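Visitor:
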Ligand SMILES: NC(=O)c1ccc[n+]([C@@H]2O[C@H](COP(=O)([O-])OP(=O)(O)OC[C@H]3O[C@@H](n4cnc5c(N)ncnc54)[C@H](O)[C@@H]3O)[C@@H](O)[C@H]2O)c1
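Residue numbers (my numbering): 5 to 249.
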C-alpha cells in the first residue's frame, strides 16, 4: 500500500521540495503549513503534476491542535508512515539576528515554539501509530546552527534546533525495536536566504553554492528508504561541505 507522509511547513522552499520529491515516488503527502493558502497552493501544485497531496493547515506549536489534527489525519488516511519535521523560522521576517546578550527573553518563545515544541508535538502525535504498524520514519530538519557554534547571532534558534536533534537521538533508541527510525538532516545555508547575507558566506562553502530543496529531498529520500533501515539516531549534515568535523 502507498505510504503517507506528513511534512510540516511544506507550503514553500525546503518543505515543498521534500513534498514534491516524495509525491513523485507515489507517496501520499500531507502538506502542513500555518498559512492555509500556502498549504493549499502547494498541494494543488503537486496534484497538478500527478501527485497525491492534501493540505493540512495548522499551527504545530499548539499542542492540543497539533495532536488532534494529526489524529484526524491518521484516521482519514490510514496512518502516517513518514513525518518530516521541517517547519522552522530560519529567515522569517519577524525574527531578529541579534546577540543573545541583547535579546529580550520575550523573543525566546518564537524560536523554541516552532523549532522545538513543534517537533515534540508532531513526533508525539505519530509515534504510537508507527510503532503499532511496525514501520515508521521520523526526520527532523535541523540547522548547522544547532550542531556548531556560529557567529551569526542565532543562539536561541540554534539551541532549539539542537534540542530537537537530540530528541531524535533518544527517540531512536526507544522506537528502534518497533521498526521506526528517527534521524536529523542538518542544513547549511540554503538558496532562499537574502543575497546580502549569503554573499560573503558562499565563498566559505567548499562547494561554492547554496543548498536547494532538491538537496534536502535527496537526504530525506535516503533516510525514508528501506535501504536506511539500519540508520537511526544519526545526523546527516547537508551543507556543501562546511564544518567537516
Ligand atoms: N533556509 C536556510 O538557509 C536554512 C538553513 C538551515 C536550516 N533551515 C531549516 O530548514 C527548514 C526549512 O527552511 P525554509 O528556509 O524552507 O523555511 P521557510 O521559512 O521558507 O518555510 C517554512 C514554512 O514553515 C511554515 N511555518 C512556520 N511556522 C509554522 C508553524 N508554527 N506551524 C506550521 N507551519 C509553520 C511557514 O509558514 C513556512 O511556509 C526549517 O526548519 C529551517 O529552520 C533552513
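By construction, the Cβ of each residue, glycine as well, lies at the ideal position given by its N, Cα and C atoms.
Bear in mind that the values here come from a model prediction, so they are computed numbers and not experimental data.
Looking at residue 60 and residue 89, is the spacing between their C-beta atoms short of 8 Å?
Guide: no
Visitor: State buried or exposed for residue 174, treating a residue as buried only when at least 16 other CB atoms are found within 10 Å of its CB.
Guide: exposed
Visitor: Is the distance from the Cβ of residue 149 to the Cβ of residue 116 below 8 Å?
Guide: no
Visitor: Below 8 Å on the Cβ atoms is my contact criterion, and I expect residue 220 with residue 227 to pass it. Report the Cβ-Cβ distance as a whole number of Å.
Guide: Contact flag wrong, Cβ pair sits at about 11 Å.
Visitor: Closest by CA to residue 118, which one among 222, 105, 64 and 195?
Guide: 64
Visitor: What do you reckon, are the CB atoms on residue 38 and residue 9 nearer than 8 Å?
Guide: no
Visitor: Output yes or no for whether 8 Å exceeds the beta carbon distance between residue 191 and residue 153.
Guide: Contact flag unset, no.
Visitor: From which residue to which residue does the beta strand (DSSP E) around residue 102 run?
Guide: It is not in any beta strand (DSSP E) - residue 102 carries neither H nor E in the DSSP assignment.
Visitor: Is any heavy atom in ligand 1 found nearer than 7 Å to the beta carbon of residue 45?
Guide: no
Visitor: Is any non-hydrogen atom of ligand 1 found closer than 7 Å to the C-beta of residue 233, if you look at the structure I gave you?
Guide: no
Visitor: Helix, strand or coil, according to DSSP, for residue 127 in the structure here?
Guide: helix
Visitor: Go ahead and pull the three-state DSSP assignment for residue 158.
Guide: coil
Visitor: What three-state label does DSSP hand residue 17 in the structure shown?
Guide: helix
Visitor: Should residue 72 be listed as close to ligand 1, given that the test is whether its C-beta is under 7 Å from any heavy atom?
Guide: no
Visitor: Where does residue 140 fall in DSSP's three states?
Guide: Strand.
Visitor: With respect to the alpha helix (DSSP H) encompassing residue 214, which residues constitute its N-terminal and C-terminal limits?
Guide: Unbroken run through residue 214: none, as it is neither H nor E.
Visitor: With 16 as the cutoff for other CB atoms within 10 Å, does residue 86 come out buried or exposed?
Guide: buried
Visitor: Determine the extent of the beta strand (DSSP E) in which residue 191 is found, giving its start and end residues.
Guide: 184-191
Visitor: Mind checking residue 25: buried by the 16 CB within 10 Å criterion, or exposed?
Guide: buried
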